[in-house]
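Novice:
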Amino acid sequence: MFKRKAAFGLDIGSCSVKAVQMRRTSRGIELEKFASVPIYPNGKSDSETDVRAAKIAAIERAVAAAKITAKNVVSSVSGESIIVRYIQLPHMTEEELRNALRYEAEEYIPFHIEEVNLDSHILGVTEEGGSRRLNVLLVAAKKDIIGSHLDLIRGAGLIPEIVDVDSFALFNCYEQSARPSPDEVVVLVDIGSQITNINIYHGGLSHFARDINLGGRTITTALEQKLGISFSEAEQLKFSEGVHVAAPAPSVDTDGGEGEDSPLIESLQGAVNEMTGEDLGDDSLESQASRIIRGSLNTLVAEIRRSLQFFENQVSGQPVSRMVLCGGTARLPNIANHFTQEIGLPTEIFNPVASLSLNSKNIDENTLANCREVLGVGIGLALRKVA
Ligand SMILES: Nc1ncnc2c1ncn2[C@@H]1O[C@H](COP(=O)(O)OP(=O)(O)OP(=O)(O)O)[C@@H](O)[C@H]1O
Ligand SMILES: [Mg+2]
């Protein structure tokens, strides 16, 4: 019987490689095979590590572990050197845009135009004072970054077919899985090891995308350095401690003291801080770890807040309604509660396989449950080629 072609999404992260094979079947879109494997045997690279060789070996291990048969790969890049801009141009056809892009892009890109690969996507048309303007998503990636990315894929004996951007792949997965309503404004945050992608979506389109060089590794490094423990001890401590969430401040109606905490709230807050060990100077390993983890997350929280403020004040005027987390660091115990409290948005952990059928022969549901947070990008990539 005719079988539809398998689609292969490959997410080469900074600490793990995720390989995903999907296919359209009579039961809908199926997650046929997947694997997530660490790149470095000891969890991180050191000055001796040949990073290229380690990444190629990890791709090969992921392909072997998942028993992936497809050779053509849809993959993606991310990080602060991938420039994403939302720009307005005079109205033109798609073909005119293709021709004008290099010239038009120059003023938006902090690199020499000859050094980058450019791509664009028309988001829509705005009518302003009788003239029509084109809203364009512009993506620029330095050629050397794309070159070394392609080299990894070819080095593992695979054929690169499409190179996307992590955050757009994730949106693709989110859109097909969660089907957000058109008026909802959602911020998707993928917290990986070294990179956090922040993306704001509304009405089926991306309106803001930013990658910052912070992630789970930042927390582990802080624990290693401040507590003088090894990388693997720090990882274990992070996994077991998670982030301690203070009990929410009770909502007490005060007479007119709008914006100011009443003495009652202040004293309760003090008690809460004591209970959570925040102000006690408690020096047990756990409370020190807890303070360090919260401190590292604070930097991330501040960056997310900045992005939300920029979007709400300068891009759209519309408030973001909720936050969806994924990436390995979304597994940090209590992180969703912590973000709900610190950022003030309802926060949930994304399940990228929720609307997929699972191949019962190849997929072990326990293994999947232990790593599904990291599969969003790979699934979104494979979805690009699911016919
Ligand atoms: N249970 C857990 N609790 C806390 N953190 C976790 C847990 N499991 C994994 N992590 C963290 O998740 C991170 C890896 O996530 P992920 O696999 O999404 O990163 P990556 O895609 O390789 O990296 P990046 O996208 O940053 O290039 C690591 O920092 C790891 O410590
Ligand atoms: Mg990642």
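Residues in the sequence shown are numbered consecutively from 477, following my numbering.
Every residue gets a Cβ at the ideal spot worked out from N, C-alpha and C, and that includes glycine.
1) The beta strand (DSSP E) spanning N688 covers which residue range?
2) Within the chosen definition, does the region 676 to 686 reach the region 520 to 528 through at least 3 CB pairs nearer than 8 Å?
3) Compare the C-alpha of R799 against each of E582, Y677 and K714 and name the closest.
4) Round the Cβ separation of I671 and S554 to the nearest angstrom and send it over; I've been treating them as touching at under 8 Å.
5) Roughly how many angstroms separate the alpha carbons of S797 and L784, rounded to a whole number?
6) How about D640 and R860: are their beta carbons less than 8 Å apart?
7) Where does G485 sit, in a helix, a strand or coil, going by DSSP?
8) Run the proximity test for S669: is its beta-carbon closer than 7 Å to any non-hydrogen atom belonging to ligand 1?
9) Alpha carbon to alpha carbon, how far is P809 from N575? Give it in angstroms, no decimals.
10) Just how far apart, CA to CA, sit N846 and T823?
11) Counting along the chain, where does the beta strand (DSSP E) carrying G504 start and finish?
12) Ordered along the chain, which non-local residues of its own chain (more than five positions away) have a Cβ less than 7 Å from that of S653?
13) Between the Cα of T816 and the Cα atoms of N611, A530, V719 and E637, which residue gives the shortest distance?
14) Would you kindly report the start and end of the unbroken beta strand (DSSP E) that includes I667?
15) Taking H588 as the reference, give the member of T602, D759 and K618 with the closest Cα.
16) Using alpha carbons as the reference points, say which of I598, S551 and L614 lies closest to Y579.
17) So the alpha helix (DSSP H) S783 belongs to, where does it begin and stop?
18) Rounded C-beta distance between C802 and G852? I'm assuming under 8 Å.
19) Which word fits E660, buried or exposed, when buried means at least 16 other C-beta atoms lie within 10 angstroms of its C-beta?
20) Report yes if the CB atom of S643 is closer than 8 Å to the CB atom of N675, and no otherwise.
21) Would you call D687 buried or exposed, if buried means 16 or more other Cβ atoms sit within 10 Å of its Cβ?
22) Along the chain, where does the alpha helix (DSSP H) containing S521 start, and where does it finish?
23) So I585 and I559 are in contact, right, with Cβ under 8 Å, and what is the actual spacing, rounded?
24) Please state the DSSP three-state secondary structure of E572.
25) Which same chain residues end up closer than 6 Å to V539 when comparing Cβ atoms and leaving out the 5 residues on each side of it in sequence?
26) Report the CB separation of L530 from I544 in whole angstroms; it is logged as a contact under 8 Å.
27) According to DSSP, simplified to helix, strand and coil, what is H678?
28) Mark S552 as exposed unless 16 or more other C-beta atoms lie within 10 angstroms of its C-beta, in which case mark it buried.
29) Compute the distance between the beta-carbons of S490 and G668, then report whether it is under 8 Å.
30) In its own chain, which residues sit with a C-beta less than 8 Å from the C-beta of H567, not counting the 5 before and 5 after it?
31) If you drop the 5 nearest sequence neighbours on each side, which residues of the same chain put their C-beta closer than 6 Å to that of Q825?
32) Out of curiosity, what's the CA-to-CA distance linking E591 and A616?
33) Would you check if the distance between the CB atom of L628 and the CB atom of I488 is smaller than 8 Å?
34) Please tell me whether, using a cut-off of 7 Å, the distance from the CB of E711 to the nearest non-hydrogen atom of ligand 1 is below it.
35) Looking at C-alpha atoms only, which residue of K509, P658, F484 and S706 is the closest neighbour of S833?
36) Can you tell me which of Q764, V662 and E849 puts its alpha carbon nearest to the alpha carbon of G704?
Specialist: According to the structure data:
1) Here residue 688 refers to the residue found at position 212 of the sequence shown. According to the sequence shown, residue 688 is Ile rather than Asn. Unbroken beta strand (DSSP E) run through I688: L681 to I688.
2) Taking one beta carbon from each stretch, the region 676 to 686 and the region 520 to 528 have fewer than 3 pairs nearer than 8 Å; the two do not touch.
3) By one-based count along the sequence shown, residue 799 stands at place 323. According to the sequence provided, residue 799 is Met. The question's Arg does not apply to it. Of the candidates E582, Y677 and K714, the residue whose Cα lies closest to the Cα of M799 is Y677.
4) As a position in the sequence shown, residue 671 is number 195, starting the count at 1. As a position in the sequence shown, residue 554 is number 78, starting the count at 1. 5 Å between Cβ atoms; contact.
5) For the purposes of this step, residue 797 is taken as the residue at position 321 of the sequence shown. For the purposes of this step, residue 784 is taken as the residue at position 308 of the sequence shown. Each residue's Cα considered, the two are about 11 Å apart.
6) Here residue 640 is taken as the residue at index 164 of the sequence shown, counted from 1. Here residue 860 is taken as the residue at index 384 of the sequence shown, counted from 1. Yes, these two residues count as a Cβ contact at 8 Å.
7) Numbered from its first residue, the sequence shown carries residue 485 at position 9. Strand at G485.
8) Here residue 669 corresponds to residue number 193 of the sequence shown, with the count starting at 1. Under cutoff, so the answer is yes.
9) Your numbering for residue 575 matches position 99 in the sequence shown. Your numbering for residue 809 matches position 333 in the sequence shown. Between N575 and P809, the C-alpha separation is close to 49 Å.
10) Working through the sequence shown from its first residue, we reach residue 846 at position 370. Working through the sequence shown from its first residue, we reach residue 823 at position 347. Roughly 20 Å between the two C-alpha positions.
11) The sequence position of residue 504 within the sequence shown is 28, counting from 1. From DSSP, the beta strand (DSSP E) with G504 extends over G504 to P514.
12) Indexing the sequence shown from 1 puts residue 653 at position 177. Here the set comprises P828, A830 and S831.
13) Start at 1 with the first residue of the sequence shown, and residue 816 comes out as number 340. Considering only alpha carbons, the answer is V719.
14) The residue labelled residue 667 in the question sits at position 191 within the sequence shown. For I667, the uninterrupted beta strand (DSSP E) run begins and ends at V661 to I667, by DSSP.
15) The residue you call residue 588 lines up with position 112 of the sequence shown. Looking at T602, D759 and K618, the one whose alpha-carbon comes closest to that of H588 is K618.
16) The count along the sequence shown starts at 1 and reaches residue 579 at position 103. Measuring from the Cα of Y579, the nearest candidate turns out to be L614.
17) Residue numbering aside, residue 783 sits at position 307 when the sequence shown is read from its first letter. That run of the alpha helix (DSSP H) goes L761 to F786.
18) The residue labelled residue 802 in the question sits at position 326 within the sequence shown. The residue labelled residue 852 in the question sits at position 376 within the sequence shown. Beta-carbon to beta-carbon, C802 and G852 are separated by about 5 Å, close enough to satisfy the 8 Å threshold.
19) The sequence position of residue 660 within the sequence shown is 184, counting from 1. The residue is exposed, with fewer than 16 neighbouring Cβ atoms inside 10 Å.
20) Position 167 of the sequence shown, counted from the first residue, corresponds to residue 643. Position 199 of the sequence shown, counted from the first residue, corresponds to residue 675. Yes; because the gap between Cβ atoms is below 8 Å, this pair is in contact.
21) Residue mapping note: residue 687 aligns to position 211 of the sequence shown, counting from 1. By the neighbour-count rule (16 or more Cβ atoms within 10 Å), D687 is buried.
22) Working through the sequence shown from its first residue, we reach residue 521 at position 45. Where S521 is concerned, there is no enclosing alpha helix (DSSP H), because DSSP gives it neither an H nor an E.
23) Working through the sequence shown from its first residue, we reach residue 585 at position 109. Working through the sequence shown from its first residue, we reach residue 559 at position 83. With a Cβ gap of about 6 Å, I585 and I559 count as contacting.
24) Here residue 572 refers to the residue found at position 96 of the sequence shown. Under the three-state reduction of DSSP, E572 is assigned to helix.
25) One-based indexing of the sequence shown puts residue 539 at position 63. For V539, where only same-chain residues beyond five positions count, the Cβ hits under 6 Å are A495.
26) One-based indexing of the sequence shown puts residue 530 at position 54. One-based indexing of the sequence shown puts residue 544 at position 68. Residue 530 is actually Ala in this sequence, not Leu. Not a contact, Cβ separation roughly 19 Å.
27) Position 202 of the sequence shown, counted from the first residue, corresponds to residue 678. H678: strand per DSSP, three-state reduction.
28) Numbered from its first residue, the sequence shown carries residue 552 at position 76. Buried.
29) The sequence position of residue 490 within the sequence shown is 14, counting from 1. The sequence position of residue 668 within the sequence shown is 192, counting from 1. Yes, they are a contact pair.
30) Within the sequence shown, residue 567 is the residue found at index 91, counting from 1. The residues are V601, S607, R608, R609 and L610.
31) Numbered from 1 along the sequence shown, position 349 holds the residue referred to as residue 825. Note that residue 825 is Ile in the sequence shown here, rather than Gln. In chain order, L801, A806 and A812 place their CB closer than 6 Å to the CB of I825, counting only its own chain and leaving out the 5 sequence neighbours on each side.
32) Along the sequence shown, read from residue 1 onward, the residue named residue 591 stands at position 115. Along the sequence shown, read from residue 1 onward, the residue named residue 616 stands at position 140. For E591 and A616, the distance between alpha carbons rounds to 10 Å.
33) As a working mapping, residue 628 is identified with position 152 in the sequence shown. As a working mapping, residue 488 is identified with position 12 in the sequence shown. Yes, these two residues count as a Cβ contact at 8 Å.
34) On the sequence shown, position 235 is the one that residue 711 refers to. True, at least one ligand heavy atom lies under 7 Å from that Cβ.
35) For this step, residue 833 is matched to residue 357 along the sequence shown. The option with the nearest alpha carbon to S833 is K509.
36) Stepping through the sequence shown from its first residue, residue 704 is reached at position 228. Considering only alpha carbons, the answer is Q764.
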